[in-house]
Structure formats: structure tokens, C-alpha cells
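Asker: Before anything else, here's the structure in question.
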Amino acid sequence: MDKYLLVVMGFLMIGIPIAFITPTTGELREEPFILLFYVSIGGIIVIIVYSSYKQKKITEKANRERRRRKK
1078 MDKYLLVVMG FLMIGIPIAF ITPTTGELRE EPFILLFYVS IGGIIVIIVY SSYKQKKITE
1138 KANRERRRRK K
């Protein structure tokens, strides 16, 4: 996974507890930010799917190059 994706994922993971806990006092929110929670979860899923897709393309390209050299 790229470094910038790890940084974005870190921010998204930090956003999950912020949805339920007030950062200034550390107490639970009466009404949590459900939208922030779901957006963070969705963003993490998108990053994982994108990085898997990107790694698959790199592996396919390496396999093509390896097969070409054998011929």
C-alpha cells in the first residue's frame, strides 16, 4: 500500500472514535456523528479495494514480463 494511502487511512481510523467521543472532554456524545462513522468505514473499504486492485495489476504485469522472457 502506498504511503499516502496509509496516511489517509490513518485519518479515517482516527475519525471513527471521534464520531462517538468528544475530543475536548473525552466523554461520549449524546448524539454521535453517524455520518462521520460510516464515511470513515466506507473510505477504509475503498482504500483496501483500490490497493488490492493496484497490486493485482502490478502482479499481472510482472507475470507477463516473466512469461515473455522464457519464450
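Residue numbering for the sequence shown follows my numbering, beginning at 1078 and increasing consecutively.
Glycine included, each C-beta is placed from N, C-alpha and C at the ideal position.
Leaving out five residues on either side along the sequence, give the residues of the same chain with a beta carbon under 8 Å from the beta carbon of serine 1117.
Answerer: The residue given as residue 1117 occupies position 40 in the sequence shown. Hits under 8 Å: Leu1089, Met1090, Gly1092, Ile1093, Ala1096.
Asker: Kindly indicate the opening and closing residues of the alpha helix (DSSP H) around proline 1094.
Answerer: In the sequence shown, counting from the first residue as 1, residue 1094 sits at position 17. Proline 1094 -> alpha helix (DSSP H) spans 1080 to 1097.
Asker: Express the C-alpha separation of alanine 1139 and isoleucine 1098 in angstroms, rounding to a whole number.
Answerer: On the sequence shown, position 21 is the one that residue 1098 refers to. On the sequence shown, position 62 is the one that residue 1139 refers to. Rounded to the nearest angstrom, the two C-alpha atoms are 46 Å apart.
Asker: For leucine 1105, list the residues DSSP reports as bridge partners.
Answerer: Counting from one through the sequence shown, the residue named residue 1105 turns up at place 28. DSSP lists Ile1098 as partners of leucine 1105.
Asker: For methionine 1086 versus isoleucine 1124, is the C-beta distance shorter than 8 Å?
Answerer: Mapped onto the sequence shown, residue 1086 falls at position 9. Mapped onto the sequence shown, residue 1124 falls at position 47. Contact: yes.
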